[in-house]
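The structure appears right after this line, and notes come after that.
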């Protein structure tokens, strides 16, 4: 048996069962949650940092698994039916598993870059080290993709990056700390707010060589981001959409999941004469055609 497949099935089972706890009677849910936490810790111990383990293109590392678990357990603390024993177990898990870990000079809680790094290197090779390159990022979280661009593509002193995000909470704090540690803060412009608002405030001119769209995953939000960003992209410029394959990579059956692919497909269809799809997988990348 492929151990990766076995681990993937365990993660799928754990995810599906957690959703079920929220629909159970407290007398049954509380002991079930205690057992679930123990299983999660056992599973986490079976994973090595960055191990692919067939967990899906966007759940490849133990960091991502732990982030998902932390989000779920933190949510539990908001329910008044959760027992004191469960709350103690949740707090214990959160203390034993810090929200973020040190990665070189940075701190991250997740790793969404490892699986796309090779593709980015190939796609963005013509821009690497070139002078005056301008990039726009929708959705920056803790800055992992921002820092990758700064360290691998936007390396010339005249290159610049614009980051659009809500910039709230712990993720925003880590973004600022990571950016300061990079030594490249002077080449980054932060724009805080909803992308649908911020993008309309930018001059409607095609000035960006590269745009990375990874904001809201609602289909209509993704479509709006695509339309607003495309007008800012230079002819010949590249735009990448994250999570295009998210729906097909789900490891559990959820009643409702975000479908950014619907918004992306709608945009690509509407703008078909003005772009060329250059890569289609978990992420989708297009090149803007000359006018």
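Numbering (the working numbering), first residue to last: 4 to 294.
Glycine residues also receive a C-beta, built at the ideal position from the N, C-alpha and C atoms.
- When you compare only the Cα positions, how much space is there between residue 218 and residue 143? Residue 218 and residue 143: Cα-Cα distance of roughly 8 Å.
- Query: Span of the alpha helix (DSSP H) holding residue 2?
  - Reply: Residue coverage of the chain in this structure runs from 4 to 294, which leaves residue 2 outside it and unanswerable.
- Quick one, are the C-beta atoms of residue 93 and residue 70 less than 9 Å apart? Cβ atoms of residue 93 and residue 70: not closer than 9 Å.
- Query: For the alpha helix (DSSP H) that residue 180 lies in, which residues bound it at each end?
  - Reply: From DSSP, the alpha helix (DSSP H) with residue 180 extends over 172-185.
- residue 61 classed as buried or exposed, judged by whether at least 16 other C-beta atoms fall within 10 angstroms: Here residue 61 scores only 48 on pLDDT, less than 50, and its place in the model should not be relied on; the value that follows carries that caveat. Buried.
- Message: For residue 105, report the span of its alpha helix (DSSP H) as first-last.
- Response: Not the alpha helix (DSSP H): residue 105 falls in the beta strand (DSSP E), residues 104-106.
- In DSSP terms, what residue 249 is bridged to: DSSP links residue 249 through a beta bridge to no other residue.
- Message: If you follow the alpha helix (DSSP H) that residue 92 is in, where does it begin and where does it stop?
- Response: Start and end: 87-99.
- Message: Tell me the rounded alpha-carbon separation between residue 274 and residue 294.
- Response: Near 12 Å, if we compare the C-alpha coordinates of residue 294 and residue 274.
- Report yes if the C-beta distance between residue 214 and residue 240 is below 9 Å; otherwise report no. Their beta carbons are under 9 Å apart, which means residue 214 touches residue 240 by this criterion.
- Cα-Cα, which of 35, 205 and 225 is closest to residue 139? Cα-wise, what sits closest to residue 139 is 205.
- Query: Between residue 292 and residue 122, what straight-line distance do the alpha-carbon atoms span, to the nearest angstrom?
  - Reply: The straight-line gap from Cα to Cα measures roughly 21 Å.
- Does DSSP put residue 296 in a helix, in a strand, or in coil? In the structure displayed, the chain extends from 4 to 294; residue 296 sits before or after that span and is not available.
- Assign residue 68 to one of three DSSP states: helix, strand, or coil. It is helical.
- Minimum C-alpha distance to residue 200 - residue among 185, 153, 235 and 167: If we check each option's Cα against that of residue 200, 167 comes out closest.
- Message: Let me confirm a value: residue 161 is counted as buried when at least 16 other C-beta atoms fall within 10 Å, else exposed. Which label applies?
- Response: By the neighbour-count rule (16 or more Cβ atoms within 10 Å), residue 161 is not buried but exposed.
- Query: Under 9 Å between the Cβ atoms of residue 187 and residue 154?
  - Reply: Contact: yes.
- Query: Under the three-state reduction of DSSP, which class applies to residue 311: helix, strand or coil?
  - Reply: Lying outside 4 to 294, the shown extent of the chain, residue 311 is not represented and no answer is given.
- Query: Whose C-alpha, out of 233, 263, 87 and 83, is nearest the C-alpha of residue 290?
  - Reply: Out of 233, 263, 87 and 83, 233 has the C-alpha closest to the C-alpha of residue 290.
- With DSSP as the reference, label residue 166 as helix, strand or coil. When secondary structure is reduced to three states using DSSP, residue 166 falls in the strand class.
- Message: Please state the DSSP three-state secondary structure of residue 243.
- Response: Strand at residue 243.
- Query: How big is the Cα-Cα spacing for residue 283 and residue 249?
  - Reply: The alpha-carbon atoms of residue 283 and residue 249 are separated by roughly 12 Å.
- Task: Can you grab the Cα-Cα spacing for the pair residue 226 / residue 236, in whole Å?
- Result: Spanning the two alpha carbons is a distance of roughly 15 Å.
- Look at residue 73 and residue 109 and say whether their C-beta atoms are less than 9 Å apart. Taking a C-beta distance under 9 Å as the contact criterion, residue 73 and residue 109 do not qualify as a contact pair.
- Message: When you compare the CB positions of residue 77 and residue 46, do they come within less than 9 Å of one another, or not?
- Response: A distance of 9 Å or more separates the beta carbons of residue 77 and residue 46.
- Query: What is the rounded straight-line gap between the Cα of residue 287 and the Cα of residue 40?
  - Reply: C-alpha separation (whole angstroms): 36 Å.
- Would you report the Cα separation of residue 165 and residue 221, rounded to the nearest angstrom? Taking the Cα positions, residue 165 is about 22 Å away from residue 221.
- residue 1 versus residue 126 - alpha carbon distance: Outside the modelled stretch of the chain, which goes from 4 to 294, sits residue 1, for which no answer is possible.
- Message: Would residue 211 and residue 137 qualify as a contact pair, given that the criterion is a beta-carbon distance under 9 Å?
- Response: Result yes, Cβ atoms of residue 211 and residue 137 sit closer than 9 Å.
- Task: Determine the contact status of residue 106 and residue 132, defining contact as a CB-CB distance below 9 Å.
- Result: Not a contact, by the Cβ cut-off of 9 Å.
- Query: Looking only at its own chain, which residues have a Cβ that is under 6 Å from the Cβ of residue 244, when we skip the five neighbours before and after it?
  - Reply: Taking residue 244 as the centre and dropping the five residues before and after it, the same chain places the C-beta of 216, 267 and 287 closer than 6 Å to its C-beta, in chain order.
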